[in-house]
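Report on the structure given below.
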């Protein structure tokens, strides 16, 4: 069956024939009175359901016959037949029709109803169905949860009461993993779990006090064994209850938090349980509670004490792992930290006696966490801890040594500086480990990291050990396996202030020059070697100059290479150490770089700016040469007039001018460029003026006033940028521009927008009072809405109290002003990355979202963009108004005939849909809702929007398909009730034909939407048995010209491990 149920029409046809042939025969054999024949036939039937269940469900009579025979076996007196019947029903329930599934629930779970016959079998079947068919069972979750709780109350009437209780709790756990239960239902499950957690009919307190007294001298393990009863199965009930509690907190954390303290107390008591498996499960549940409600642990101080009493290797490993997590979560707030430390040390110190590698590794992990989170607890025991870590780092067992070295690293960073003698001990141990020949690569790497920590944390206090440590690093610097790590260690040592004055460090730096220069040629170590070389050169200054010049004489790295920034930093350092090499650096670096300046990424640009400043400072004659070189480079590469390109060249000019001695030369050249007839030269000059103004380098320039007037009368690309920068350098330049703004000139708004985009927070505050009164102008809202909106947003970011005035603007009587105000709100949400305006936004956000119901289309469209921005960046803020915005959002997806108009285009009349953009924006916003805060949505409302989208314009249909795929990927979104409504809309898209004279763009668009529909079919295919019409659509698609493409998508989906 596994071979013939593969993808492909021929295989599918063969599998279908085989199913029709063998199912009746298997049913007949299962009904046979021969016991062996029944079990064999049931095994074969179950195998058929696994590999060809969809073919069985495609034939109603066969499906019904299989369901009947499997259900009949649930009442069998033979456990093997009952078990196989439940197994078969679990397979069938995943693919059967709705009415068959309902029959399985009705007949198979009848035992949960009076007179409660076969109740234990019904409970087992319910647990299987909850695990295998969570989507289909979800509508019945509350009903069956209450049914299981009631069944537990009747457990005492059962012959095997403890097994029955366990089975009920396991089924409750499976139901708890499903979404959609009522809070009261979950509360009932919680109370039941707590009750069952205490269930212990053979508890120690029921024993004779004298008997207990006689055994007081026994150790813990002996006592637990004494009071344990092999015939007692109640521990399985407590174990299942612990698992249920953990699942409840994992799946419903918000609902469970109010009960967290009570649950924690109950679970902590179980940590003293005599059965180890129960203790372990209780501990696992405690971890789940910790994630949901960490504050519940603060009042329970006995957790550490209880865990420290555990015995046995497996139990102690679990205890140590849990303590590791608790220490990480609570740090200094964790009580009894010394007990945890002692347990960890005992586990590490006993390794040589017990050879328990797991305990030792877990103990070392806990020690590492204690050093990081509670170093004050470790400090009084530093001698013992350091000794244990030193010994563990020498062990031959790979993982133990690795964990020991990692713990040593954290000890050295967080505890070592206060106990230098113990740091020396660990440093010696690490060096010894590095010197051993049997050390493998990962352990050696961990040893190098630990040695790095020892040197950088303790510094000069390790003077006596410094030569040995540095010699080991140098010895490993040229080894292929360790060189990458050693390069990083070299960089750390060179930048450690306490080591820089030590003589061994300088000798070590001289030794490293040559190998680092060679490693800079290797692809895997080039970037880090250049950075390490920079740190070495900073220490050695002129001694490193020949090596630096050698590096710079090599071919310059590509502009997108990570090697370029450190190479430029080395060039800057060479010039700073010896200004006489400036010309050499210029000749080696700039020619190749300036040719590709527009492609240089930001990190390399920042390094280049620093280099240009150093070059201009090195020699007066270099500043004009640099400006000339930048001019020529711009002239050769100015075909791309995007704003970012001339800005890059202008920023380089500004960097060259940053040296005080060269500023006058650069300014004179910029003024000369401005006078040239070439727009290329003038554009560069304009952007340079903007950059220089932003940097404050125009202050005191005698020609500034004249240049400002000249630029004001120009009409070139970069003019607004230049004027904006100049306004920042001299506040008096703002006055004429603001006068124009008061007169309603759109150009003034654009200039001031550029100024604010370059301004600091202080500069924005200074400009705001002059600008603000004129920005809310009806004329400007008509002619420069985007520029004014950005100005308003930038001012509000630094002065959030003005948000109230912005709220008034979005309620203005004029449509353009309301639109401008909403655009400003959207811009504010994107600019305010620190959420500084959130407090004020809480007061007025409702007024912004109310505009979603504005009678004017442009206002509704702008409000929708605000909502989209809020969902992306202010989800919590938006959720407070979900009841307000969601009806508007759903309504915006409706096609409105009143927004359609006829437009004459030559001899043709076309329909223009003005509401199309709003519907697309609304669906994109709804998609974001689904991704970020789906809990506030009702699936019914979302699906109404999706169904409308599938009948809309092709661009909207595509969004509808994407929404369907996203919903199908969310396991708890049950799309089954909507399959019949979805099917005809998808079928209409797949069966439509492209007109014969369609353009290439129309053909590509039709192909894209068809492919999207096929992907939807792939996602929804597992639900096909639940809808005959959808099953028929899949069959038609398989036989259509799209069949091959769809089968490929199905095969790809299968290989990706998609959920069934």
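Residue numbers (full-length UniProt numbering): 1 to 1060. Ideal placement from N, C-alpha and C gives every residue a C-beta, glycine not left out.
In the structure shown, the three-state DSSP call for residue 903 is strand.
Distance check between residue 557 and each of 539, 684, 601 and 538 places 601 closest, using alpha-carbon atoms only. Where residue 47 is concerned, there is no enclosing beta strand (DSSP E), although the alpha helix (DSSP H) around it starts and stops at 35-57. Contact between residue 178 and residue 138 holds, with the beta-carbon distance rounding to 5 Å and staying under 8 Å. Rounded to whole angstroms, residue 1038 and residue 845 show a C-alpha spacing of 51 Å. The stretch 490-505 and the stretch 527-540 touch, with no fewer than 3 CB-CB distances between them shorter than 8 Å.
Of the candidates 563, 494 and 853, the residue whose Cα lies closest to the Cα of residue 526 is 563. Where residue 913 is concerned, the enclosing beta strand (DSSP E) starts and stops at 908-913. Runs of the alpha helix (DSSP H) lying entirely within the stretch 741-809, each at least 4 residues long, are 746-758, 761-775, 778-783, 785-798 and 803-809 in chain order. Listed in chain order, the non-local C-beta contacts of residue 416 below 6 Å within the same chain comprise 423, 457 and 458, local neighbours out to five positions each way being set aside. Residue 866 places its beta carbon 9 Å or farther from that of residue 888. Taking one beta carbon from each stretch, the stretch 889-896 and the stretch 914-928 have 3 or more pairs nearer than 8 Å; the two touch. Under the Cβ criterion (8 Å, minimum of three pairs), the stretch 479-487 counts as touching the stretch 443-450.
For residue 733, the closest alpha carbon among the candidates 752, 716 and 742 is that of 752. Excluding the 5 residues flanking it on each side, residue 685 has same chain C-beta neighbours closer than 7 Å at 670, 673 and 674, in chain order. If you keep only unbroken beta strand (DSSP E) runs of at least 3 residues inside the UniProt domain "TATA-binding protein interacting (TIP20)" (878-1020), you get 900-905 and 908-913.
In terms of Cβ geometry, residue 171 and residue 126 form a close pair [threshold 9 Å].
With fewer than three CB-CB distances shorter than 8 Å, the stretch 39-47 does not count as touching the stretch 1008-1017. Taking residue 775 as the centre and dropping the five residues before and after it, the same chain places the C-beta of 788, 791 and 792 closer than 6 Å to its C-beta, in chain order. By a beta-carbon distance limit of 8 Å, residue 465 contacts residue 427. Their separation comes to about 5 Å. As for any beta strand (DSSP E) of minimum length 3 sitting wholly inside the stretch 366-450, there is none.
The stretch 372-382 and the stretch 394-401 do not touch, with fewer than 3 CB-CB distances between them shorter than 8 Å. Nearest to residue 550 by alpha-carbon distance, out of 565, 518 and 559, is 518. In the structure shown, residue 547 falls within a helical segment according to DSSP collapsed to helix, strand and coil.
Nearest to residue 406 by C-alpha distance, out of 429, 419, 418 and 794, is 429. Contact check for residue 809 against residue 821 passes: the beta carbons are separated by less than 9 Å. Residue 579 carries a helical assignment under DSSP once its states are collapsed to helix, strand and coil.
Between residue 247 and residue 173 a beta carbon distance of about 5 Å is seen, short of the 8 Å cut, so the two are scored as contacting.
At the C-beta level, residue 656 and residue 610 stay beyond 9 Å of one another. Taking C-alpha positions only, residue 815 is separated from residue 858 by approximately 8 Å.
Straight across, the Cα-Cα distance linking residue 109 with residue 275 is about 33 Å. Bounds of the alpha helix (DSSP H) holding residue 819 are 815-831. In this structure, residue 726 and residue 696 do not form a Cβ contact; the two beta carbons are roughly 11 Å apart against a cut-off of 8 Å. Between residue 326 and residue 378, the C-beta spacing is not below 9 Å. Going by beta carbons, residue 1019 and residue 964 fall inside the 9 Å limit.
Residue 608 places its beta carbon 9 Å or farther from that of residue 626.
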